[in-house]
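Same order as they appear, the protein sequences are chains A and B. Take 1 as the starting number for the first sequence in my numbering and just add one per residue. Take 1001 as the starting number for the second sequence in my numbering and just add one per residue. By construction, the Cβ of each residue, glycine as well, lies at the ideal position given by its N, Cα and C atoms. Only a predicted model underlies this, so the values are computations on that prediction, with no experimental measurement involved.
2 protein chains.
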Amino acid sequence: MSETAEEFASLLKVLANPVRLKILALCLNKERTSKELRKKLRLSKPLLIAHVRKLTSAGFLSCRAEVVKGRVVKYYRTERFEVCCGEEILKDILEELEDSEK
Amino acid sequence: MSETAEEFASLLKVLANPVRLKILALCLNKERTSKELRKKLRLSKPLLIAHVRKLTSAGFLSCRAEVVKGRVVKYYRTERFEVCCGEEILKDILEELEDSEK
DNA sequence: TCCTTAGGTAAACTTTCTTTTACCCACTAT
DNA sequence: ATAGTGGGTAAAAGAAAGTTTACCTAAGGA
Chain A
1 MSETAEEFAS LLKVLANPVR LKILALCLNK ERTSKELRKK LRLSKPLLIA
51 HVRKLTSAGF LSCRAEVVKG RVVKYYRTER FEVCCGEEIL KDILEELEDS
101 EK
Chain B
1001 MSETAEEFAS LLKVLANPVR LKILALCLNK ERTSKELRKK LRLSKPLLIA
1051 HVRKLTSAGF LSCRAEVVKG RVVKYYRTER FEVCCGEEIL KDILEELEDS
1101 EK
């Protein structure tokens, strides 16, 4: 039971959101702080945290914490990745479907 | 106002669903009828129609209608496509964000 | 002391997506 | 006539996302 379709769909789901794409774009090749991201994208604190969590759990974004004058400051950076949806993955899904038919 | 992030996210959203990925997998290099899809994926009629509509509107799936003994039968086939999310598109989104800052 | 800032959580609300139920039409076969 | 099939819609129920409001901790500076 590899659940290819479900797994791949949930990976795509993480990317299928404009706010998250913008966060990844801003943190591309450049570390950004939460404050910076919140200001540029006009996001509330809990909202940024929620989006950032999905991105880091999926491995698209990395986080580094640093203590600046007693306060913890977090820096985000986009990881190198490339997710493609095309014939290749569809063939895997098809195989799985044919297998599950026994 | 190109709205790259929004547009790209909605394209990904169409693919970010296991049922739709399975439909695309089944129709890869092989025409399938609605009946076949419904049976293999255990979908109700309105549900298959809803998923298929999203796929065809986005251009991932094509539909051909044929009249067999007075009844209209529809055949679906997956179009050749490749949607990738990586540095390239993120750079476009970043540019857009920087432009909108004026 | 009190206010501010950085990080965070929990609960509630809203919106969007997925899925089901109940119907409709047209044509075929019994 | 009526039961069955293929395509379809509309409405509503259910589930999952996205977003807000209110609140908590800990440390720094006025």
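Checklist line | the stretch 13-28 of chain A contacting the stretch 1074-1092 of chain B, beta-carbon criterion three pairs below 8 Å | finding: yes
Give the DSSP-derived three-state secondary structure of arginine 107 of chain A in the structure shown.
Given a span of 1 to 102 for chain A in the structure shown, any question on residue 107 of chain A remains unanswerable.
**Asked** Nearest chain A C-beta to proline 1046 of chain B closer than 8 Å, yes or no?
**Response** On the second sequence, residue 1046 of chain B is found 46 positions in, with the first residue counted as 1. For proline 1046 of chain B, the answer is no, since every Cβ of chain A falls outside 8 Å of its Cβ.
Q | Limits of the unbroken alpha helix (DSSP H) element including leucine 97 of chain A | A | Translated into the one-based positions of the first sequence, residue 97 of chain A becomes position 97. Taken as a continuous stretch (DSSP letters only), the alpha helix (DSSP H) holding leucine 97 of chain A covers 87-100.
*asked:* Can you confirm whether threonine 33 of chain A, when its beta carbon is compared against all beta carbons of chain B, has any partner nearer than 8 Å?
replied: Counting from one through the first sequence, the residue named residue 33 of chain A turns up at place 33. No, its Cβ sits nowhere closer than 8 Å to a Cβ of chain B.
Exercise. Which residues, in order along the stretch 1091-1102 of chain B, keep a beta-carbon less than 9 Å from a beta-carbon of chain A?
Worked result: Lys1091, Asp1092, Ile1093, Leu1094, Glu1095, Glu1096, Leu1097 and Glu1101
Exercise for review: Pull up the distance between the alpha-carbon of glutamate 1098 of chain B and that of leucine 41 of chain A, whole angstroms please.
Suggested key: In the second sequence, counting from the first residue as 1, residue 1098 of chain B sits at position 98. In the first sequence, counting from the first residue as 1, residue 41 of chain A sits at position 41. Looking at the two C-alpha atoms, the distance is approximately 11 Å.
ask   = chain B partners of cysteine 63 of chain A, CB-CB under 7 Å?
value = The count along the first sequence starts at 1 and reaches residue 63 of chain A at position 63. Per Cβ cutoff of 7 Å: no residues; cysteine 63 of chain A is ~18 Å from chain B at best.
Contact under 8 Å by Cβ, leucine 52 of chain A with leucine 61 of chain A: The residue given as residue 52 of chain A occupies position 52 in the first sequence. The residue given as residue 61 of chain A occupies position 61 in the first sequence. It is valine, not leucine, that sits at residue 52 of chain A in the sequence shown. Taking 8 Å as the Cβ cut-off, valine 52 of chain A and leucine 61 of chain A qualify as a contacting pair.
Q) Thinking just about the alpha-carbon of each residue, which of B:Tyr1075, B:Ser1100 and B:Glu1079 is nearest to the one in leucine 1048 of chain B? A) Along the second sequence, one-based indexing puts residue 1048 of chain B at 48. When each option's Cα is compared against that of leucine 1048 of chain B, the closest is B:Tyr1075.
Legend entry - alanine 65 of chain A - containing beta strand (DSSP E), residue span: As a working mapping, residue 65 of chain A is identified with position 65 in the first sequence. Residues 61-68.
(request) Express the C-alpha separation of glutamate 96 of chain A and glutamate 6 of chain A in angstroms, rounding to a whole number. (result) Within the first sequence, numbered from 1, the residue matching residue 6 of chain A stands at position 6. Within the first sequence, numbered from 1, the residue matching residue 96 of chain A stands at position 96. Approximately 11 Å, taken between the alpha carbons.
- prompt: Helix, strand or coil for lysine 122 of chain A per DSSP?
  reply: Within the shown structure, residues of chain A are numbered from 1 to 102, placing residue 122 of chain A beyond reach of any answer.
*Among A:Thr78, A:Ser10, A:Ala9 and A:Lys13, which residue has its Cα nearest to the Cα of lysine 1091 of chain B?*
Counting from one through the second sequence, the residue named residue 1091 of chain B turns up at place 91. Checked all of A:Thr78, A:Ser10, A:Ala9 and A:Lys13; the closest Cα to lysine 1091 of chain B is A:Thr78.
Q | Rounded distance between the beta-carbons of leucine 1015 of chain B and leucine 11 of chain A, thought under 8 Å | A | Reading the first sequence from its first residue, position 11 is the one you call residue 11 of chain A. Reading the second sequence from its first residue, position 15 is the one you call residue 1015 of chain B. No, leucine 11 of chain A and leucine 1015 of chain B are not in contact; Cβ-Cβ is about 10 Å, not under 8 Å.
task: Can you say whether arginine 1032 of chain B is buried or exposed, counting buried as having 16 or more other CB atoms within 10 angstroms of its CB?
output: By one-based count along the second sequence, residue 1032 of chain B stands at place 32. With 16 or more other Cβ atoms within 10 Å, it is buried.
- Within its chain, find whatever has a CB closer than 6 Å to the CB of isoleucine 93 of chain A; leave out the 5 residues flanking it on each side and keep chain order. Stepping through the first sequence from its first residue, residue 93 of chain A is reached at position 93. Thr4 and Ala5.
Original post:
Does any CB atom of chain A fall closer than 8 Å to the CB of leucine 1012 of chain B?
Top reply: Position 12 of the second sequence, counted from the start, is the residue given in the question as residue 1012 of chain B. Yes, leucine 1012 of chain B counts as interfacial toward chain A.
* When the distance is taken between beta carbons, is lysine 1030 of chain B closer than 8 Å to arginine 1038 of chain B? -> Indexing the second sequence from 1 puts residue 1038 of chain B at position 38. Indexing the second sequence from 1 puts residue 1030 of chain B at position 30. Result no, Cβ atoms of arginine 1038 of chain B and lysine 1030 of chain B do not sit closer than 8 Å.
- Message: On the CB-based measure, 16 or more other CB atoms within 10 Å of its CB, does alanine 50 of chain A come out buried or exposed?
- Response: For the purposes of this step, residue 50 of chain A is identified with residue 50 of the first sequence, where counting begins at 1. Alanine 50 of chain A comes out exposed.
Please report how far the alpha carbon of alanine 1058 of chain B lies from the alpha carbon of leucine 1026 of chain B, in whole angstroms.
By one-based count along the second sequence, residue 1058 of chain B stands at place 58. By one-based count along the second sequence, residue 1026 of chain B stands at place 26. Roughly 17 Å between the two C-alpha positions.
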